[in-house]
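Student: Position 78 (the sequence shown) corresponds to 326 in the working numbering; numbering is contiguous.
Dropping the structure in here first, questions after.
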Amino acid sequence: MIALASDHAGYKLKQELISYLSNFEVVDFGTDSPQSMDYPDIGFAAAEAVAKGECSRGILICGSGIGMSIVANKVKGVRAALCTSETIARLSRQHNDANMLVLPGRFISFEEAKKIVDTWLTTKFDGGRHQRRLYKIKKYEERR
C-alpha cells in the first residue's frame with residue numbers, strides 16, 4: 249500500500265499520480281482541492297502511516313518538496329528523499345532505503361514524475377555498507 253499526500257501546490261500532480269498508480273493500492277491522505285492549506289496537516293499523517301507499517305511506502309508532494317521532506321523526516325522510522333531525477337530516486341533506494349519519496353510539484357512535469365516514481369518503486373536496497381549507516385540512524389532515533 250502506498251500513502252500519497254500533497255498540499256495545494258502538489259494537488260494536480262497527486263491527482264495524476266493516483267490515476268497512474270492504478271495497479272497499486274493507494275491511500276490518499278489529501279488534500280482534496282487546490283485551495284491553500286498547511287502541508288504538515290497531511291504530511292505527518294502519511295508519514296505516520298508509513299512509520300507504523302500501515303503503508304509500505306509513501307509519496308509526498310508540495311511546491312518545492314522541501315516542506316514535505318522536513319515534515320516526513322521528523323517522524324521516527326521515516327527516510328524521506330526529495331527526488332528530482334531518476335538517478336536520485338534510484339540512489340535514494342539503493343543507498344538509503346528511502347521509504348518515502350518527495351516530489352517538487354512546481355518543478356517537475358507529470359512525465360518526469362512518472363519516471364521518478366517508476367524508478368523509485370522498482371529499485372531495491374543494496375544493503376551492505378549502506379545497512380550499517382541506516383543502523384546508525386536508527387540508533388540515533390532510539391535515543392530521542
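No residue lacks a Cβ here, since even glycine has one placed at the ideal position from N, Cα and C.
#1: Taking the C-alpha atoms as reference points, what is the distance between Phe397 and Gly353?
#2: Using 10 angstroms around the beta-carbon of Phe272, count the other beta-carbons present and answer buried if the total reaches 16, otherwise exposed.
#3: So Gly291 is in the alpha helix (DSSP H); what residue range does that whole segment cover?
#4: Hey, quick one: how far does the alpha helix (DSSP H) through Ala218 stretch, first residue to last?
#5: With a cut-off of 8 Å on the beta carbons, I'd call Leu252 and Ile307 a contact; round off their distance for me.
#6: Check for me: the beta strand (DSSP E) holding Leu269 runs from which residue to which?
#7: Assuming Asn347 contacts Val326 (C-beta within less than 8 Å), just tell me the rounded distance between them.
#8: Within the continuous beta strand (DSSP E) that includes Ile309, where are the two ends?
#9: Since Val275 is in the beta strand (DSSP E), which residue starts that stretch and which ends it?
#10: Given Cys310, which residues of its chain have a CB within under 7 Å of its CB, disregarding the five upstream and five downstream residues?
#11: Helix, strand or coil for Val365 per DSSP?
#12: Please report the residue range of the beta strand (DSSP E) in which Ser254 lies.
#13: May I have the straight-line CA-CA distance separating Val274 from Ile250, to the nearest angstrom?
#14: Report the residue from Arg341, Thr332 and Ser340 whose alpha carbon sits nearest the alpha carbon of Ser357.
Tutor: Concretely, from the data shown:
#1: Not covered by the structure: residue 397. The range shown for the chain is 249 to 392.
#2: exposed
#3: Pro288 to Ala299
#4: Residue 218 is absent from the model: the chain starts at 249 and stops at 392.
#5: 5 Å
#6: Here Leu269 belongs to no beta strand (DSSP E), and DSSP marks it neither H nor E.
#7: 6 Å
#8: Arg305 to Cys310
#9: Val274 to Asp276
#10: Ser254, Asp255, Ala257, Gly258, Tyr287, Met316 and Gly353
#11: helix
#12: Ile250 to Ser254
#13: 5 Å
#14: Thr332
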